[in-house]
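Using this note's numbering, the first residue of the sequence shown is number 52, and each one after it goes up by one.
Where a beta carbon is used, it is the ideal one built from N, C-alpha and C, also for glycine.
I have placed the structure first, in the form of structure tokens, so that the comments after it can refer back to it.
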Amino acid sequence: DVVLTATTTVGEGGNIVYTASLVDKNGAPVTNITNPLTVTLDNGQSITIGVNQSSASVSVVAPDDVYTGDQTVTTAIKGVTGGEHFENLVPGTTPVNTTVTDTPGTDNTTTVTLTAPAQESEGGQITYTATLSNKAGTDVTLKLDNGSSITIKAGDTVGTVTVPAPSDDVFIDKSTQTVQITETTGGNFEKLEVAGSGATTTINDTIDKVDVVLTATTTVGEGGNIVYTASLVDKNGAPVTNITNPLTVALDNGQSITIGVNQSSGTVTA
């Protein structure tokens, strides 16, 4: 028989030693006395048992991943070449298992980066995209400082969420909006870090017309008062509040009306 054995336990990045041995029906070593014998493993490695040897080994590096917890590496004999001089050479069919113990290190860091469109218009939508540098071992939930959250499913690297851009208004107010990741959960990573300083989007101002509408007392007796009212309204006729500086409306009768801050209309009596 050709029997395969392996290191039973090793740390991440350590060496797993696979040994192929020739044994008789009683398990005693058998010496290869003629031509070299090659044992091919299903991990792509091969072991050559030379002349006058009963065993040989090959060493491979144990996987070092970014996830928490131990893992098991299973390997088996795929085939044997040479050894025609043996009456009945039987390759072993029992796989060997090696436990690779978790050893977190600085090189096992996974990063998540948040991005967004560079520009968006008032009243539009902003899609935030979170990208992992490694596939998620379990679902990852990311909380954003705008109150939204992004879920990246196990096995994926990308997740998104779409939120409304600041609402369309009638004021000149181009601005920027920066959103950051504030909390990460899940993923089964040894170490997950947020990369970058967030995603910034410039909110472009859209041009919305504001009308100044003049109304007046419709009927008045001789010597009575005519009240002129100037009002700010949007395209739908809804009142618009003046939020910055007083606005003065000059009438062709020589009078003027001032619409103050936090007001949507003003009056003058003639």
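Residue from the options whose Cα sits closest to the Cα of residue i
i, options, result
"T266", "I277, K194, G272 and E273", "I277"
"V325", "I294, T252, A321 and S315", "For the chain, the structure presents residues 52 to 321; residue 325 sits outside this window and is missing."
"N77", "V163, D52 and I100", "D52"
"Q122", "S97, A181 and V61", "V61"
"K129", "A181, Q170, D75 and A71", "A71"
Span separating the alpha-carbon of residue i from that of residue j
i, j, result
"D303", "V319", "13 Å"
"T269", "A250", "56 Å"
"T132", "G65", "29 Å"
"D116", "T149", "15 Å"
"S184", "T161", "6 Å"
"G274", "G305", "19 Å"
"F137", "I67", "29 Å"
"T299", "I201", "48 Å"
"N94", "T227", "53 Å"
"D75", "G143", "12 Å"
Same chain, Cβ closer than 8 Å to residue i, neighbours up to 5 away in sequence not counted
i, result
"N313", "T292, N293 and I294"
"V221", "Note that V221 has pLDDT 47, beneath the 50 cutoff, so the model's placement of it is unreliable and no number is given."
"P87", "T99, I100, G101, V102 and G133"
C-beta contact flag for residue i and residue j at 7 Å
i, j, result
"V329", "I177", "This structure cannot settle anything about residue 329, because the visible part of the chain is limited to 52 through 321."
"T145", "K194", "no"
"V147", "L55", "yes"
"T236", "T192", "yes"
"V81", "S105", "yes"
Beta-carbon contacts of residue i that lie in its chain and below 7 Å, excluding the five residues immediately before and after
i, result
"D207", "K186 and A187"
"T85", "V102 and H136"
Sequence-distant residues of its chain with Cβ nearer than 6 Å to residue i (five each side left out)
i, result
"G317", "A281, I308, T309 and I310"
"Y69", "A57 and V109"
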